[in-house]
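Numbering (this note's numbering), first residue to last: 2 to 156.
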């Protein structure tokens, strides 16, 4: 067996498996072999936390703007896979609503299983408020005020 404590592969050279031996030869710190990581470990390697607590996916994104990845030959939507790993199973008919409204967020605390129709309804409400806020900002600025400070702009 490989000398690396988290590896159960057969040793090949100097008591290490081929992968860990190559890490040593390249002068790298010993770490789990990428293709032997769990899906949860692979996901956690590619996220950063922002100031809102969102866990932002730094990997591949699908055409709809959602995080996706390939793991052991199968494609996964990352937010669904991570939710299942942390919280538990999701009903197949449920969608995960991003409460934070950030498609790249995979934080299970920011995801809520809802029906497809409920998710669509929430998206429509969110888009309505985004338009209203944009309209109000335009109005405030048309009056000569700075929309961030609400101070009158100098002319």
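Just so it is clear, CB atoms sit at the ideal spot from N, CA and C, and this is done for glycine as well.
Going by other Cβ atoms of all chains shown within 10 Å of its Cβ, with 16 needed for buried, is residue 70 buried or exposed?
buried
Where the beta strand (DSSP E) through residue 77 begins and ends
75-78 is the extent of the beta strand (DSSP E) around residue 77.
Quick check on the DSSP output: the alpha helix (DSSP H) that includes residue 100 runs from which residue to which?
Where residue 100 is concerned, there is no enclosing alpha helix (DSSP H), given that its DSSP letter is neither H nor E.
For residue 160, is the classification buried or exposed, using 16 other Cβ atoms within 10 angstroms of its Cβ as the cut-off for buried?
The chain is shown only over 2 to 156; residue 160 falls outside these bounds and no answer can be derived.
Got a sec, what are the start and stop residues for the alpha helix (DSSP H) residue 41 sits in?
40-45
Which residue comes first and which comes last in the beta strand (DSSP E) that contains residue 49?
48-50
For residue 17, which residues from the same chain have a beta carbon less than 6 Å from its beta carbon, with the 5 sequence-adjacent residues on both sides left out?
3 and 4
With respect to the alpha helix (DSSP H) encompassing residue 25, which residues constitute its N-terminal and C-terminal limits?
19-26
Alpha carbon of residue 100 to alpha carbon of residue 46, nearest angstrom
Put simply, the backbone Cα of residue 100 is about 23 Å away from that of residue 46.
Nearest-angstrom Cβ-Cβ length linking residue 86 and residue 97, presumed shorter than 8 Å
Not a contact, Cβ separation roughly 13 Å.
Can the beta-carbon of residue 67 be found closer than 8 Å to that of residue 104?
yes
Could you tell me if residue 88 is buried or exposed, where buried requires 16 or more neighbouring beta carbons within 10 angstroms of its beta carbon?
exposed
Backbone CA spacing between residue 107 and residue 57 [nearest angstrom]
6 Å
Restricting to Cα atoms, I'd like to know which of 102, 80 and 148 is closest to residue 124.
102
Just tell me which of 49, 109, 55 and 14 has its CA closest to the CA of residue 91.
109
Is residue 62 helix, strand or coil when you go by DSSP?
strand
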